[in-house]
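Under UniProt numbering, the sequence shown has 9 at position 9, and the numbering climbs by one with no breaks. Where a beta carbon is used, it is the ideal one built from N, C-alpha and C, also for glycine. Shown next, in structure tokens, is the structure this report addresses.
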Amino acid sequence: MPPKFGAKKPEAAKPAAAAKPEAAASEKLKGKKIIFIVGGPGCGKGTQCDKIVQKYGYTHLSTGDLLRDEVKSGSARGKKLTEIMEQGKLVPMETVLELLKDAMIARADKSNGYLIDGYPREVKQGTAFESTIRECNTVLYFECAAKTMTERLLGRAKTSGRADDNEATIKKRLDTFYSATEPVVKFYEDKKKLRRINAERDVEAIFADVVAALDPAAAKLKDKKVIFIVGGPGCGKGTQCDKIVQKYGYTHLSTGDLLRDEVNSGSERGQKLTNIMVQGKLVPMETVLELVKDAMVARADKSNGFLIDGYPREVRQGTEFESKIRECDKVLYFECAAQTMTERLLGRAKTSGRADDNEETIKKRLDTFYSATEPVVQFYQDKGKLCRINAERSVDAIFADVVSALGAPPVSAATKLKGKKIIFVVGGPGCGKGTQCDKIVQKYGYTHLSTGDLLRDEVKSGSARGKKLTEIMEQGKLVPMETVLELLKDAMVARADKSNGYLIDGYPREVKQGTEFESTIRECDTVLYFECAAKTMTERLLGRAKTSGRADDNEATIKKRLDTFYTATEPLVKYYGDKKKLNRINAERTVDVIFQDVVKALGAPPASPGQEKLQGKRVIFVVGGPGCGKGTQCDKIVAKYGYTHLSTGDLLRDEVKSGSARGKKLTEIMEQGKLVPMETVLELLKDAMIARADKSKGFLIDGYPREIRQGTEFESNIRPCDIVLYFECSAQTMTERLLGRAKTSGRADDNEATIKKRLDTFYSVTEPLVAHYEKQGKLRRINAQREVTAIFADVVAAITAMEAAPAKAPWGWMHEGLPDIGNAQGSTIHVPRPTPTEPTASTFVINVLKDLSTRTMATQHWSKTRASTLEEIDVETYRSKRRWRSLLHSQRQEQVDEPLYQKIDVNSLLGDCQPDAETQDCFIKLVPRIIAFLESSLPFDVTKVLVGGSYGYDTLVKSRNDVDLYVFSKELPKAGHVMWLPSAMKAVEALIRDCNKGQIPECTDFNTTKYFVRFTCQGIEFTVYLTHDWESERAGGYTRLYDESMRQRNSENRRMYSWAAARRQRQFILDQEEDVRDVIKVVKHWRNGVDWADSSRRPSSYLLSLLVVKAYQNAQVIKGVNIRPPPIDEEGFFMRDPDPVVPENPLEFPTMAETLSAFIALVKDLDRAMTRLSWNKFYEPPSFRIEHMTTLPVVQDPANPAINVAEFLGTWASFHTETMLWAQKLGL
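Now the structure itself:
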């Protein structure tokens, strides 16, 4: 029937796709990441965008590029844009958004996401984008100082030819950027979408932060092990995976299981997988990787690593996994013959009921496996990651190889901290919590951790994290809470084996810090809150101010600190009070009364199983050299007193013989030539003492401790010793006894040369230990030169006194173990051991004192050396110092904005350094007088006084008039410096002060340390050092100096041997080209002009000189100068005089500018703490091991290769910073 005219026509049905084009666009962009990129011009965001595109497959879109491309296209929209621009108008925001949207949709099929660069520039643009297109996922803000961006853009200007790359235009652009960007940054920061990236570093360091921001999953998997498991069906890899999971705590992931689980879940992805499988298609690799990644991230918090089973099956799968998730650590390939796998699968078929467990199907599966696997195996073998496991053996034999391939299983932080007590310590400044923490540590064996100390230690360590912290602090920012928690966690885990628990002092300061700690590390057990009235704390702090010298110990500052404390603490106290964890301690009382309440709150201290048996048992340390007769005396003590005699050597040997697990481990350590860890020795001692406690009155610990740390560890982990019996015997007597024993003992080490070495080692190690226990009043000296009965009579007297009451420390000894003279009670000189054939520490001190007693000297110049005390610095003080240093750093940076000179003027630099003629004349006249005075006045025979320092090295500069005088004598002891050198230095000071014969002018400004005497005379600064004259000995003196230096276990002792080679040090510098010494002058003049925070940060002249020499050599290599190395001498040990340098072109020696550039580059590398510098002037570097030089970097002394000159610099951070600032001034 035809329609009637005028009737309403039915509407034509519209296609669904055409109904809502926005919906179609939204669908295409679904699942795509959108990242806004914000950063000023020159911040480096373009470089980072290129790296993001390469790694993640994102599309980089710049609104500027889109506008230019549209104009060039000649489209209607392009023509409209041209018209707008020609009229000088801004392009409408709607048009820009339209361009962005079209570009994103056009690239949607080939892109994983979008980097929107340079957009938004204001908040309105961002909200319009997100309402019109889609919300962004993240905003990356590349932060960079205006100064840095300016420098980069000006550097680019040299090649870019861009008209806007000039200083005036750049300043305007940056001003515009900052004013526009701040609201955008704040807007997205409030939305928790902003990620700040420090763009002042190198490209890779910046990109590492970018990856962490874009892919939190990658950060979660960062430290997790990833193991690919490869093996044919029936090879037994499933069984091995189960054993690995059990032993290592890894998670076993099978791609087949993950796919089945996803399908069964009924999720959207599961339904999509079902459709793919129903159609008989292969699941896309991207989907499999997505499943694996999600599974790994979900299990990351509870797993030590992952076993990826049955994947990869081809090389491409492996490379895709490693590019999108993480590189694997190892590939375990379970090799098994086809026949064996077939037999196993057919055997399984009898019970499995699987349709594919028949011979024909098995053959096909194996053929497929071999053809697919061979390229994978070869690929990972070439990468050095493949571990082949013979899977034809028993399960346990196979697993033994697996363990060998994977190494020792990791121990998680949660496992290590299990059972450890965690105590938060809260209290205001001056409440006395520090004192209480010390008492808790002593009684409970807990570890006291202060976040302030941890931050300072990390900064000093020079680690990557330490450098990052320094950078944060110098910018005046607060250290992120995540970093503080990471430091705390690492410190707790590192000390877990030796600690019963932890006192977390000064943390948390707010509730959020507490909850983060407990979610990241572990819940605390108790909170100790030391309550103290503001008035009391103020009085205590003001009382401390009288001696502390701390700037913040004044009433106004104290009030502010207390107000801050109360404001922050009240919510914290309430929070833990509600959780029933708070213990309020009244801190207004005496220390002991307060501690009684602390003990009530904490309960009984933990004890090792059986350790209570040691209560009331006496512990005596027995010390004495080989041949002193202490073994005989121990036998007599055992017989008379019923004590047990324990020797660490015997315990170790018995444990090895026992064949126990610990014994096998000890055997392994010894076979590798390593030292048995102190913890193991203590464990053996503790076990032996507990085992014998029921039948013993006490213990004689023989041959232990050998150093102070061993003693303190014993006393903190087992129990304090009661006394130390020190059997004193001269080296000559012990040598005679041992040689007498040799006639019947048959021991290979009972010969004169070996005995001498053993005695030298004993004396050098024992002297600090003896001084330590003498200060504590526990040392009992026994003269072991007499017959056995007479010695034992003294032993009995010492033990009887010990059992009656603890003996007091002997009067009349300084804390270094040196005699005090001129005291009203009279002085007592105690001889540590009878005089051996050559001078020792003790005999030298006595001789000096006797000589001084014959002179008319005022005893006032002798006084006890003050013991150094470690100042407690609370966090507020630390922050104020940090802010001051940050301000200082920014001021210095501002000073560098105007380079002093772009081109180095050699004449100008040298002219600035040179001292005037009058000063040089003063040196020439005065130095010989001082030398003559020392040679004639010192109470020992002086073989030579060597002139060193700037004057002696011919590197004198006008900014510092200094000369070092090295006094050499054969009568000075070779070892035991800690016992004699401080006393001798005071004697030298007294001699110079009391000189009234007109031999030298008046000397002032004395500074005497245990290493040297420093004083000023007629405007020249003199430093006097004393050392044994090794060179005057028979041939091989320097070899023995090296051997003695190598025996020293710490830098303080090694330092005392460093100037013994002063002759060679001086010769090494004087042998350098005059050009080199000119550069040394320039560098030292710069060093003298720097305001160093303290002397430990100031590099020594000798260190600077060595660095300049190496820099000059580096510059020679760069210029192609041919340097012929000197030959080794006949003995193959020290070098003869080197051959002269033969340059290919004598005119091409490095200039000062080139040498300074090389010096600055060297210092920059040294800051990375990886450089090892050595020379072959007097020795062949490969002949001298540097493994003992654990402090990096290493600058091996060319005069004594046992010495690392670099380790005497307290911190490299200041040196590096100041050098880099100087480099900017020089325009390098």
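Can you check whether the CB of S764 is closer than 9 Å to the CB of N1053?
-> Note that the C-beta distance between N1053 and S764 is below 9 Å.
DSSP puts D329 in a beta bridge; with which residues?
-> None, per the DSSP bridge assignment.
Who does L684 pair with in a DSSP beta bridge?
-> The partner list for L684 (beta bridge, DSSP) is empty, contrary to what the question assumes.
Does the distance from the C-beta atom of E988 to that of L1026 stay below 9 Å?
-> Before going further, note that residue 988 is Val rather than Glu in the sequence given. Cβ atoms of V988 and L1026: closer than 9 Å.
Closest by CA to F968, which one among R1063, E70 and R960?
-> For the set R1063, E70 and R960, the Cα lying nearest the Cα of F968 is the one of R1063.
Straight-line Cα distance separating K958 from Q914 | 6 Å
Between the C-alpha atoms of Q48 and A199, what's the straight-line distance to the nearest angstrom?
-> 10 Å
Is A797 buried or exposed, if buried means 16 or more other CB atoms sit within 10 Å of its CB?
-> exposed
Under 9 Å between the Cβ atoms of L910 and V1076?
-> no
When the Cα of Y773 is compared with those of Q1018, Y56, E707 and K581, which residue comes out closest?
-> Of the residues Q1018, Y56, E707 and K581, the one whose Cα lies closest to the Cα of Y773 is E707.
Does the region 780-788 come within contact of the region 727-743, defined as at least 3 CB pairs closer than 8 Å?
-> yes
How big is the Cα-Cα spacing for L291 and V331?
-> 20 Å
Report all residues from its chain with a CB closer than 6 Å to the CB of V1090; omit the five preceding and five following residues, and keep chain order.
-> E1218
Rounded separation between V619 and L682 - CA only | 14 Å
Leaving out the 5 sequence neighbours to the left and right, which residues in its chain are closer than 7 Å to Y1042 when beta-carbon positions are compared?
-> N1200, P1201 and A1202
Same chain only: Cβ atoms within 8 Å of Q54, ignoring 5 sequence neighbours per side = none
Counting Cβ pairs, one atom from each stretch, are 3 or more of them under 8 Å apart for the region 614-631 and the region 692-706?
-> yes
Leaving aside the five residues before and after S863 along the sequence, list all residues of the same chain whose C-beta is less than 7 Å from its C-beta, in chain order.
-> Below a pLDDT of 50, predicted positions are generally treated as unreliable, and S863, at 26, falls in that range; the measurement from the model is reported next regardless. If we look at S863 and ignore the five residues flanking it on each side, it has no Cβ neighbours.
Would you kindly check if the distance between the Cβ of G501 and the Cβ of T415 is under 9 Å?
-> no
Grab the span of the alpha helix (DSSP H) containing C241 for me, first residue to last.
-> K237 to Y248
Nearest residue (CA-CA) to P183, options C336, T127, R173 and K302 | T127
Span separating the alpha-carbon of residue 1231 from that of K617 | The displayed coordinates of the chain run from 1 to 1228. Any statement about residue 1231 would go beyond what the structure contains.
Where do the N-terminal and C-terminal ends of the alpha helix (DSSP H) with G1037 fall, by residue?
-> G1037 to R1047
Three or more beta-carbon pairs under 8 Å between the region 227-245 and the region 362-377, yes or no?
-> yes
Compare the C-alpha of N390 against each of S404, D261 and Y380 and name the closest.
-> Selected option, being the one with the closest Cα: S404.
Three-state secondary structure assigned by DSSP to S461 = helix
Cβ pair count under 8 Å reaching 3, the region 362-371 against the region 251-263 | no
Quick one: Cα of I170 to Cα of E143, how far?
-> 17 Å
Delimiting residues of the beta strand (DSSP E) encompassing V226 = Element bounds for V226: K225 to G231.
Could you tell me which residues DSSP pairs with K421 in its beta bridges?
-> G501
For G952, the nearest candidate out of R1066, S936 and F1022 (CA to CA) | Among R1066, S936 and F1022, the Cα nearest to that of G952 is on R1066.
Does the Cβ of T1039 lie closer than 8 Å to at least one heavy atom of the ligand ZN?
-> The ligand ZN is not part of the structure shown, which contains no ligands of any sort.
Taking 9 Å as the cut-off, decide whether the C-beta atoms of K418 and N304 are in contact.
-> Going by C-beta atoms, K418 is not nearer than 9 Å to N304.
Looking only at its own chain, which residues have a Cβ that is under 6 Å from the Cβ of L541, when we skip the five neighbours before and after it?
-> Counting only residues of its own chain and dropping the five nearest sequence neighbours on each side, L541 has a CB closer than 6 Å to the CB of G430, D553 and I558.
Terminal residues of the continuous beta strand (DSSP E) containing I620?
-> R618 to G624
Take I116 and list the residues in its own chain whose beta-carbon comes closer than 6 Å to its own, dropping the five residues that flank it on each side.
-> F36 and L61
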